[in-house]
Amino acid sequence: MKAIIQKVTKASVTVGERCTGSIEQGMCVLLGISRTDTDKDLEWMANKLLKLRIFDHPETGKPWDADLLQCKLGILVVSQFTLQCVLKGNKPDFHNAMKSEDSEAMYNRFVAMLREKVPDSDTLVQEGEFGAFMQVHIQNDGPVTIPIDSPESLATQKVKPRKPQKPQKQNKNQENNPVGNGENNNEAVVEKVTEELAQL
Numbered sequence: 006m007k008a009i010i011q012k013v014t015k016a017s018v019t020v021g022e023r024c025t026g027s028i029e030q031g032m033c034v035l036l037g038i039s040r041t042d043t044d045k046d047l048e049w050m051a052n053k054l055l056k057l058r059i060f061d062h063p064e065t066g067k068p069w070d071a072d073l074l075q076c077k078l079g080i081l082v083v084s085q086f087t088l089q090c091v092l093k094g095n096k097p098d099f100h101n102a103m104k105s106e107d108s109e110a111m112y113n114r115f116v117a118m119l120r121e122k123v124p125d126s127d128t129l130v131q132e133g134e135f136g137a138f139m140q141v142h143i144q145n146d147g148p149v150t151i152p153i154d155s156p157e158s159l160a161t162q163k164v165k166p167r168k169p170q171k172p173q174k175q176n177k178n179q180e181n182n183p184v185g186n187g188e189n190n191n192e193a194v195v196e197k198v199t200e201e202l203a204q205l
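Under the numbering used here, read the sequence shown as residues 6 to 205, first letter to last.
Next up, the structure:
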């Protein structure tokens, strides 16, 4: 999952003449969902956005010291599958993007997660319109633009196989002296004693 975060003084999305969402100061997020993304990526990305310290602290004024929730600012989310583009020569290829029907459901879950985490979400959490031809109006503040990718480990989570243990080498004394080799060597001792008794 890829996201482009822009710190804004204001941002809005229109479809034709209709405004689907707008915020004043806060962040605009362009979100690209890949075909390997899961709900773990959604949760990770939602938490990362809300904890990203790109704003001045509301009490001290210190820059880069406060997140969206501390400042009670807005967030505008816009679905953008083109973030999953791979260039083949000069031609963009979007095979890494999740299929539209699956991506829309995941996008809706992502926005729902943000609404659960952000107080006064009816006002502070805004969005574009999935699948529509949108005009995104962004007034970047700074400018500040930060790309974020969710960790690949969330999708793969492969456990590295343990290396096979090398068999322990027996020293010459152990090879010649069966008594020192544990339970298996007890059998050797019994066989040896049995052979000696048979020779009597």
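Where a beta carbon is used, it is the ideal one built from N, C-alpha and C, also for glycine.
Values in this document were obtained by computation on a predicted structure and should not be read as measured data.
Could you give the residue range of the beta strand (DSSP E) that holds residue i?
| i | result |
| --- | --- |
| alanine 117 | Unbroken run through alanine 117 is the alpha helix (DSSP H), 105 to 122; no beta strand (DSSP E). |
| serine 27 | 23 to 28 |
| glutamate 134 | Careful: glutamate 134 lies outside any beta strand (DSSP E) and carries neither H nor E. |
Please go through the same chain and pick out, in chain order, the residues whose beta-carbon is closer than 7 Å to the beta-carbon of residue i, but skip the five residues on each side of it.
| i | result |
| --- | --- |
| glycine 21 | none |
| glutamine 144 | Val13, Thr14, Lys15 and Ala16 |
| asparagine 101 | Ser39, Arg40, Gln89 and Val91 |
| glutamine 85 | Leu35, Leu36 and Gly37 |
| alanine 71 | Arg58, Phe60, Asp61, His62 and Pro63 |
| glutamate 188 | Because glutamate 188 carries a pLDDT of 48, less than 50, the predicted location of this residue cannot be relied on, and no value is offered for it. |
| alanine 137 | Val20 |
Could you tell me which residues DSSP pairs with residue i in its beta bridges?
| i | result |
| --- | --- |
| asparagine 145 | Val13 |
| proline 152 | Ile9 |
| methionine 32 | Lys12 and Ile80 |
Span of the alpha helix (DSSP H) holding residue i?
| i | result |
| --- | --- |
| serine 126 | 126 to 129 |
What does a CB cutoff of less than 8 Å around residue i pick up in its chain, not counting 5 residues either side in sequence?
| i | result |
| --- | --- |
| cysteine 24 | Ser17 and Val18 |
| methionine 118 | Leu47, Glu48 and Ala51 |
| methionine 139 | Val18, Thr19, Val20, Thr25, Val83 and Gly133 |
| valine 123 | Leu55, Leu73, Leu74, Ile80, Leu129 and Val130 |
Please work out which residues of its chain come closer than 6 Å, Cβ to Cβ, to residue i, disregarding the five sequence neighbours upstream and downstream, and give them in chain order.
| i | result |
| --- | --- |
| proline 97 | Cys90 |
| isoleucine 28 | Ala16, Gly79, Leu81 and Gln131 |
| serine 155 | Met6, Asp46, Trp49 and Met50 |
| isoleucine 9 | Leu35 and Pro152 |
| serine 126 | Arg120 |
Report the CB separation of residue i from residue j in whole angstroms; it is logged as a contact under 8 Å.
| i | j | result |
| --- | --- | --- |
| aspartate 61 | lysine 67 | 7 Å |
| phenylalanine 115 | leucine 47 | 5 Å |
| tyrosine 112 | leucine 36 | 7 Å |
| phenylalanine 135 | glutamate 106 | Not confirmed; about 11 Å, so no contact. |
| glutamine 11 | valine 149 | 7 Å |
Report task. Within the stretch 37 to 97, note down every full alpha helix (DSSP H) run reaching 4 residues or more, in order along the chain. Result -> 44 to 56 and 73 to 76
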